[in-house]
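First the structure, in the form of structure tokens, and then the observations on it.
Protein chains in written order, with this note's numbering: chain A, 1 to 371; chain B, 1001 to 1242.
In structure tokens, the structure reads:
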């Protein structure tokens, strides 16, 4: 985890500066040195005098960082930035020249010195400096340019990370939430079976435990294969069948190859629960639930069909019928959206004697290589 | 020594195992005699009419017709105890309306409490908290016992010992409660007493006109007759309505 880094990014930004600073100035020096040594006459002394200017420039630009940082922090009107950079570059260039002089003047021979005094004027000064100013300016441009680019990347990264965290939190909220009705009704059923049919009671306890354990899995990251998902679903149905006995009948029609396809865990569960809940209310007995999974040209098509109609007449119960149903489906839809942004479709067909939920996932991923 | 009364009980529950479970628990009590059981409303009506039990245990989440439909079909004079696996809305509504209820799987201790309460003739303890605007009241509307949303109450008027509760959609219910009791329990942000015998829901106020003798006339949505507000209450209302 990246929590250990106190200030993520700053050390790298600093390292980048020094790498570029050293490399840049070295290259500049080497380039000029190459040109300088091309001249016919040079002596060790003139070489040294020539070279003085580079460490000075290097040092000045290193120091220039500080006023620039201050500037960036305090500047309100961004349009003034070029102006400030120009000003700073001029001042730095002048300083550069002055320091160069300070270092090199003591080593000048008299003629050079006389010559310099004689020609001292604003124009000659500018001429002697004609490279210093553009170099500092260029350096400043690079400095700010790279800095902005780096910081922009940092911000983008932070924003992305924040988005991912937010999304994870959302997914956590959308996870399958165990239906309390199911839990307590199952427990009631188990208790009744304890005396009537003890072995069946024990089976039911085992089934319920397994289902609960699965539903408590850490959610969003968990994908399972269709086969595993169907195992859990059939556990759920076994428990419900014990409760409803002959009133509930479940059939399956699953393509063999469909079993290895990956799905978010328990994504079908809200539809299964709706099928039973509203099917029990509206269907003739026995309630028939049919689960299908086919591989089609467009992807994998999963169907959950129950006899009955879309929603029961619930004028006398306290809670709104459609509220609970809508929320579960909305959650499932969001999970599908998150897992398959490329393509999925969720269709609910409400017919006069049955309800069909169809989920089409185009190009889902398979678990491993084909079996 | 007083002979302990045996209560005759009918259980209405659609799931066989749940029904069995409830009957098993009830059988453990000497003062209880399970005289009948029913798997749906139709059977229950038959059962209750012919056996005339003292107590009916009623599952509220039955497919098809629900437990409340049953109460509409027969006027049952005995005790009704509602049974549910889980229903946060229903539970709060039960508490708020002082209705007896049990949660599945029913524990022996809780069953004991319920039976004790019935035999001592007491009412289930009302939740002393103030009602919230989202709550529902269980009352007789027309011929039906219904859960009524607070937000659907337009106004409440005193009719002798009773109060007439006028609802949205021109329905009205009758409740055994005085104006003072209502005033104590209704959420003050929404309901206000405008008269000795009237409380209104401010959400339904359309207009307030000055009327003679320092009284005011309040026109409410869906109400043909406007309400008269007496001077005494006018000041309070003015402050609240702003």
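By construction, the Cβ of each residue, glycine as well, lies at the ideal position given by its N, Cα and C atoms. From a predicted model like this one, the values you see are computed outputs, not experimental measurements.
Beta-carbon spacing of residue i, residue j below 7 Å
i: residue 1187 of chain B; j: residue 1133 of chain B; result: yes
i: residue 282 of chain A; j: residue 309 of chain A; result: yes
i: residue 260 of chain A; j: residue 287 of chain A; result: no
i: residue 265 of chain A; j: residue 293 of chain A; result: no
i: residue 304 of chain A; j: residue 291 of chain A; result: yes
i: residue 1081 of chain B; j: residue 1100 of chain B; result: yes
i: residue 233 of chain A; j: residue 208 of chain A; result: no
i: residue 211 of chain A; j: residue 236 of chain A; result: yes
i: residue 247 of chain A; j: residue 285 of chain A; result: yes
i: residue 1021 of chain B; j: residue 191 of chain A; result: yes
i: residue 180 of chain A; j: residue 1029 of chain B; result: no
i: residue 1158 of chain B; j: residue 1197 of chain B; result: yes
i: residue 146 of chain A; j: residue 89 of chain A; result: no
i: residue 267 of chain A; j: residue 332 of chain A; result: yes
i: residue 1193 of chain B; j: residue 1183 of chain B; result: yes
i: residue 1148 of chain B; j: residue 1131 of chain B; result: no
i: residue 1195 of chain B; j: residue 1170 of chain B; result: no
i: residue 56 of chain A; j: residue 100 of chain A; result: yes
Chain A contact residues for residue i, given Cβ-Cβ distances below 8 Å
i: residue 1020 of chain B; result: 192 and 196
i: residue 1161 of chain B; result: Within chain A, no residue comes near residue 1161 of chain B; the closest Cβ sits about 27 Å away, beyond 8 Å.
i: residue 1100 of chain B; result: Within chain A, no residue comes near residue 1100 of chain B; the closest Cβ sits about 15 Å away, beyond 8 Å.
Within-7 Å CB hit, residue i to chain E
i: residue 1104 of chain B; result: The structure shown contains no chain E; its protein chains are A and B.
Cut-off 6 Å between Cβ atoms - residues of its own chain near residue i, not counting five sequence neighbours on either side
i: residue 328 of chain A; result: 270
i: residue 359 of chain A; result: 302 and 346
i: residue 1044 of chain B; result: 1012, 1038 and 1070
i: residue 1073 of chain B; result: 1045
i: residue 343 of chain A; result: 362
i: residue 1209 of chain B; result: 1217
i: residue 25 of chain A; result: 58
i: residue 352 of chain A; result: none
i: residue 36 of chain A; result: 50
Cβ shell of residue i (< 8 Å), same chain only, five flanking positions each side left out
i: residue 1154 of chain B; result: 1166, 1167, 1168, 1200, 1201, 1204, 1220, 1221, 1222 and 1223
i: residue 1035 of chain B; result: 1008, 1009, 1010, 1051 and 1053
i: residue 1019 of chain B; result: 1011, 1013, 1037 and 1039
i: residue 1174 of chain B; result: 1139, 1140, 1159, 1162, 1163, 1164 and 1165
i: residue 1026 of chain B; result: 1009, 1011, 1032, 1034, 1057 and 1111
i: residue 198 of chain A; result: none
Residue i, buried or exposed, once every other Cβ within 10 Å from all chains shown has been counted against 16
i: residue 354 of chain A; result: buried
i: residue 958 of chain B; result: In the structure displayed, chain B extends from 1001 to 1242; residue 958 of chain B sits before or after that span and is not available.
i: residue 340 of chain A; result: buried
i: residue 105 of chain A; result: exposed
i: residue 139 of chain A; result: buried
i: residue 1104 of chain B; result: buried
i: residue 141 of chain A; result: exposed
i: residue 215 of chain A; result: buried
i: residue 182 of chain A; result: buried
i: residue 318 of chain A; result: Confidence in residue 318 of chain A is poor, its pLDDT being 44 and thus under 50, which makes the residue's placement too unreliable to answer from.
i: residue 117 of chain A; result: exposed
i: residue 1060 of chain B; result: buried
i: residue 1076 of chain B; result: buried
i: residue 337 of chain A; result: exposed
i: residue 299 of chain A; result: buried
i: residue 1090 of chain B; result: buried
Residue i CB to nearest heavy atom of the ligand FAD below 6 Å
i: residue 1238 of chain B; result: For the structure depicted, the ligand FAD is absent and the ligand set is empty, with no information on it obtainable.
Chain A residues whose Cβ lies nearer than 9 Å to that of residue i
i: residue 1220 of chain B; result: Going along chain A, no residue has its Cβ under 9 Å from residue 1220 of chain B, so there is no contact; the nearest lies around 25 Å.
Under 8 Å by beta carbon: chain B residues contacting residue i
i: residue 185 of chain A; result: 1015, 1018, 1085 and 1104
i: residue 281 of chain A; result: 1063 and 1064
i: residue 189 of chain A; result: 1015, 1017, 1018 and 1021
Contacts around residue i, its chain only, beta-carbon distance under 7 Å, and the 5 residues preceding and following it disregarded
i: residue 13 of chain A; result: 150
i: residue 223 of chain A; result: 262, 263, 264 and 265
i: residue 193 of chain A; result: 200, 201 and 204
i: residue 334 of chain A; result: 174
i: residue 1092 of chain B; result: 1135
i: residue 129 of chain A; result: 93 and 97
i: residue 189 of chain A; result: 204, 242 and 243
i: residue 1142 of chain B; result: 1171
Chain-ordered chain B contacts of residue i [CB-CB under 9 Å]
i: residue 349 of chain A; result: Within 9 Å Cβ-Cβ: nothing; residue 349 of chain A doesn't reach chain B, min ~22 Å.
i: residue 309 of chain A; result: Simply none; closest approach about 12 Å.
Neighbour list for residue i in chain B, Cβ cutoff strictly below 7 Å
i: residue 181 of chain A; result: 1085 and 1086
For the region 67-81 of chain A, list every residue whose C-beta sits within 9 Å of some C-beta in chain B, in sequence order.
none
Mind checking the region 223-254 of chain A against chain B and listing, in chain order, the residues whose C-beta falls within less than 8 Å of any C-beta there?
242, 243, 244 and 245
Closer than 7 Å, Cβ to any Cβ of chain A: which residues of the region 1067-1088 of chain B, in chain order?
1068, 1069, 1085, 1086 and 1087
Any residues in the region 1039-1071 of chain B with a beta carbon nearer than 8 Å to a beta carbon of chain A? Which ones, in chain order?
1060, 1061, 1063, 1064, 1066, 1068 and 1069
Please name the residues in the region 1145-1173 of chain B whose beta-carbon is closer than 7 Å to at least one beta-carbon of chain A, in chain order.
1146 and 1147
Counting only Cβ-Cβ distances shorter than 9 Å, please list the residues of the region 1198-1214 of chain B near chain A, keeping chain order.
none
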